[in-house]
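For the sequence shown, the numbering used here begins at 267 and goes up steadily by one.
Note that beta-carbon positions come from the ideal geometry of N, C-alpha and C, so glycine has one too.
In what follows, a single structure is set out as structure tokens and then discussed.
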Amino acid sequence: MTESARRQHMVYAYAVLRPTPEAARAVATLRGVADEQVGLVETGDLAAAVGPVPAEEFEEGALRAGLEELPRLEALARGHHGVVAGLAPLGAVLPLRLATVYRDEDRVRRVLQERRDQFLPLLERLAGHVEWGVKVYTDPTDSLAGDAAVRAEATGGEAALSPGRAYLAARRRRRRGVEEAWQTAARTAARIAEEAGGVAVGRVAHRPQRGELAQVAGGETAGGGKPGGENIANDAYLVPADRAEEFRSRVLAAAEGQPGVRVEVTGPWAPYSFALPPEPDPAARPEPV
Numbered sequence: 267m268t269e270s271a272r273r274q275h276m277v278y279a280y281a282v283l284r285p286t287p288e289a290a291r292a293v294a295t296l297r298g299v300a301d302e303q304v305g306l307v308e309t310g311d312l313a314a315a316v317g318p319v320p321a322e323e324f325e326e327g328a329l330r331a332g333l334e335e336l337p338r339l340e341a342l343a344r345g346h347h348g349v350v351a352g353l354a355p356l357g358a359v360l361p362l363r364l365a366t367v368y369r370d371e372d373r374v375r376r377v378l379q380e381r382r383d384q385f386l387p388l389l390e391r392l393a394g395h396v397e398w399g400v401k402v403y404t405d406p407t408d409s410l411a412g413d414a415a416v417r418a419e420a421t422g423g424e425a426a427l428s429p430g431r432a433y434l435a436a437r438r439r440r441r442r443g444v445e446e447a448w449q450t451a452a453r454t455a456a457r458i459a460e461e462a463g464g465v466a467v468g469r470v471a472h473r474p475q476r477g478e479l480a481q482v483a484g485g486e487t488a489g490g491g492k493p494g495g496e497n498i499a500n501d502a503y504l505v506p507a508d509r510a511e512e513f514r515s516r517v518l519a520a521a522e523g524q525p526g527v528r529v530e531v532t533g534p535w536a537p538y539s540f541a542l543p544p545e546p547d548p549a550a551r552p553e554p555v
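The structure is reproduced here in structure tokens:
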């Protein structure tokens with residue numbers, strides 16, 4: 267790459283992996299976040315999957331502004347994940363955080379060399395493993411059904427109450443229903459964690475999702491309810507690839523028959539939750555003239 271091209275481009279890094287012929291063939295088929303051809307930057311027994319991206323879009327200020335725009339963020343995430351997913355079948359890949367950008371390929375090589383003693387043990391550990399996600403929700407459809415049944419039974423007794431007392435009684439009843447649903451979901455989450463621990467070799471407990479993120483359903487579910495409810499557990503598990511079906515089956519079985527609970531199982535994924543976060547890189551900023 268010429269000096270002029272280097273000034274116009276930065277280097278987006280997707281993942282760390284082993285520099286093998288299979289890896290070289292895999293990256294040759296991949297396009298990145300800027301529709302660029304992905305390639306490998308190698309140093310000894312490590313490599314990074316990278317691509318040249320326009321400096322005007324990926325320098326620090328422009329990148330930060332872009333990440334605040336939802337369409338831009340979604341497009342970036344899709345492009346990033348597409349590259350990582352294309353590399354995942356190689357068996358051992360360390361996905362890097364979204365928007366990991368370096369000034370040039372020389373900086374990428376230095377990072378690989380400086381962090382070799384961290385990357386190599388992780389690649390060894392993750393070889394032959396995949397990530398599965400398990401989310402546990404209270405299920406509002408079950409809760410509403412139960413509340414309606416209790417309300418129907420209580421109608422006769424509340425008929426003699428004043429409107430004000432009947433309203434307070436209904437609120438107490440609904441509050442009890444919500445509390446019971448939460449407790450059932452918490453017990454289910456604990457049972458799932460115990461079952462999953464019999465197969466998985468690692469677990470990361472992420473913060474439960476709130477707002478719109480908690481309404482996005484995907485993967486396979488137990489409980490049969492519609493998307494919604496409170497997300498009370500959002501865990502990632504590192505699972506041997508050859509035991510993935512056993513893991514999925516055990517988790518779904520642990521969730522069956524629990525009223526007021528919905529469980530979502532997604533995977534297999536590249537092990538995002540079990541890779542090191544990238545080094546904060548001030549070198550990604552443009553150099554002083």
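Next item on the list: Count the CB pairs spanning the region 323 to 343 and the region 496 to 506 that are closer than 8 Å, and state whether there are at least three.
Entry: no
Next item on the list: Compare the C-alpha of P455 against each of A300, T404, Q475 and name the closest.
Entry: The question names Pro, but residue 455 in the sequence shown is Ala. Among A300, T404, Q475, the Cα nearest to that of A455 belongs to T404.
Next item on the list: Excluding the 5 residues preceding and the 5 following A536 in the sequence, name in chain order all residues of the same chain whose CB lies nearer than 8 Å to its CB.
Entry: A281, V350, A351, L353, A354, V359, P361, V396, E397
Notebook entry, point to check: Q303 bridges to which residues according to DSSP?
Noted result: R297
Next item on the list: Look up G468 in the DSSP assignment and say whether it is helix, strand or coil.
Entry: strand
Checklist line | N- and C-terminal bounds of the beta strand (DSSP E) containing G533 | finding: 527 to 535
Margin query: I'd like to confirm the pairing. Which residues does DSSP put opposite G317 in its beta bridges?
Written below: Y278
Notebook entry, point to check: With 16 as the cutoff for other CB atoms within 10 Å, does Q384 come out buried or exposed?
Noted result: exposed
Checklist line | Start and end residues, alpha helix (DSSP H) containing G399 | finding: Element bounds for G399: not the alpha helix (DSSP H) but the beta strand (DSSP E), 395 to 404.
Notebook entry, point to check: Which of the three DSSP states, helix, strand or coil, is assigned to V367?
Noted result: strand
Margin query: Looking at the strands, I want to know which residues DSSP matches up with E308.
Written below: A313
Margin query: Using the Cβ count rule (16 or more neighbours within 10 Å means buried), how would you classify H346?
Written below: buried
Check: Pick from G348, L356, G317: whose alpha carbon is nearest that of A289?
Finding: L356
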